[in-house]
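**Q**
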Amino acid sequence: MFRLDEQFLKDIGLDGLPEEQKKPFLQHIYSELELRVGTKLSDGLSDEQLEEFEKIIDRDQEKIQSWLAEHAPAYLQEDAFKKLQEATKLPAEDPRLVAEFTATKWLEVNRPDYRQVVAQVLEELKQEIMTNRDTILGGISQQPPVSTPDDGQITQAS
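Position in the sequence shown (from 1) plus 355 gives the number in the numbering used here.
Here it is in structure tokens:
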């Protein structure tokens with residue numbers, strides 16, 4: 356599992372971002388990662404599968420319960436469910452917890468490679484960010500040097 360946090364920023368060389376920009380930047384990265392992973396995971400899925408997953412993501416309780424009944428009737432006893440419950444500290448019957456578990460389980464069934472896809476997309480995104488680190492930091496290290504002409508005035512080289 357990956358975490359988008361202070362350590363992530365340090366790993367990609369952006370721990371120098373101003374404090375007030377860190378959270379919005381991490382939220383942007385999360386949204387971008389979600390979009391890219393979703394796009395990549397949808398490749399090769401049928402329209403029916405995409406519709407089913409969309410209903411699960413949208414927390415359609417009827418779809419979630421019918422899917423669980425067919426694919427994971429004893430989900431309350433599964434280690435993955437227990438770990439997710441422990442991590443979220445939500446009660447077992449909480450619809451958010453059940454929906455999150457169902458989405459993960461759905462991916463395991465329909466896209467067993469989803470963890471590798473997430474890791475690959477995250478790595479690509481990290482490389483993209485590191486390549487553009489100077490621009491992201493406001494171009495501070497890309498500023499041309501300041502020169503002093505013979506007339507004594509300080510000007511910025513262009």
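C-beta: ideal position from N, C-alpha, C; glycine also.
1) If you reduce the DSSP assignment to three classes, tell me which class residue 433 lands in.
2) Look at residue 369 and residue 488 and say whether their C-beta atoms are less than 9 Å apart.
3) Which same chain residues end up closer than 8 Å to residue 472 when comparing Cβ atoms and leaving out the 5 residues on each side of it in sequence?
4) In chain order, what residues of the same chain lie with their CB nearer than 7 Å to the CB of residue 419, ignoring the 5 residues before and after it?
5) Let me make sure I understand the geometry here. Which of 490, 492, 442, 482 has the alpha-carbon closest to that of residue 388?
6) Just to confirm before moving on: does the CB-CB distance between residue 384 and residue 408 stay below 9 Å?
7) Express the C-alpha separation of residue 371 and residue 478 in angstroms, rounding to a whole number.
8) Using the three-state DSSP reduction, which class does residue 393 fall into: helix, strand or coil?
9) What's the call for residue 464, buried or exposed, on a 16-neighbour Cβ count within 10 Å?
**A** Reading it off the structure:
1) Here residue 433 refers to the residue found at position 78 of the sequence shown. Note: residue 433 maps to coil in three-state DSSP.
2) Position 14 of the sequence shown, counted from the start, is the residue given in the question as residue 369. Position 133 of the sequence shown, counted from the start, is the residue given in the question as residue 488. Yes; because the gap between Cβ atoms is below 9 Å, this pair is in contact.
3) Within the sequence shown, numbered from 1, the residue matching residue 472 stands at position 117. Hits under 8 Å: 392, 395, 396, 466.
4) On the sequence shown, residue 419 is found 64 positions in, with the first residue counted as 1. 411, 453, 454, 457.
5) By 1-based counting over the sequence shown, the position of residue 388 is 33. Of the candidates 490, 492, 442, 482, the one whose C-alpha sits nearest the C-alpha of residue 388 is 482.
6) Along the sequence shown, one-based indexing puts residue 384 at 29. Along the sequence shown, one-based indexing puts residue 408 at 53. In this structure, residue 408 does not lie closer than 9 Å to residue 384 by Cβ.
7) In the sequence shown, residue 478 corresponds to position 123, counting from 1. In the sequence shown, residue 371 corresponds to position 16, counting from 1. If you take the alpha carbons of residue 478 and residue 371, they lie about 20 Å apart.
8) As a first step, residue 393 must be located in the sequence shown, where it is residue number 38. If DSSP states are grouped into helix, strand and coil, residue 393 belongs with the helices.
9) As a first step, residue 464 is located in the sequence shown; it is residue number 109 there, counting from the start. With fewer than 16 Cβ atoms within 10 Å of its Cβ, residue 464 is classed as exposed.
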